[in-house]
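Have a look at the structure below before the remarks.
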Amino acid sequence: MNTSTIASTFTTSMPRKMASTPVLAQLGAALLLGFVMLYAVGFSEASVVHNAAHDVRHATGRPCH
Numbered sequence: 000m001n002t003s004t005i006a007s008t009f010t011t012s013m014p015r016k017m018a019s020t021p022v023l024a025q026l027g028a029a030l031l032l033g034f035v036m037l038y039a040v041g042f043s044e045a046s047v048v049h050n051a052a053h054d055v056r057h058a059t060g061r062p063c064h
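Per numbering that gives the first Met the number 0, the sequence shown runs over residues 0 to 64.
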């Protein structure tokens, strides 16, 4: 197999279509979610946030403390 065949195979096997959702929309959604999370955490007690994070770590099987 020569290099032109390899290059031809590589370029034809790659997808040519980009994702249907624009990158800016994804970035905007991520920023909005982040701001909503920060806003929600700002009005809750620290112990509530800690317990929620602790429960998520247990639910996903990760160690804590």
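Backbone N, C-alpha and C define an ideal beta-carbon position, used for all residues, glycine too.
Exercise. Determine the contact status of V48 and V40, defining contact as a CB-CB distance below 8 Å.
Key: yes
Item to check | Helix, strand or coil at F34 according to DSSP, with G and I counted as helix | outcome: helix
Alpha helix (DSSP H) segment containing P56, residue limits: Looking at the sequence shown, residue 56 is not Pro but Arg. 45-58 is the extent of the alpha helix (DSSP H) around R56.
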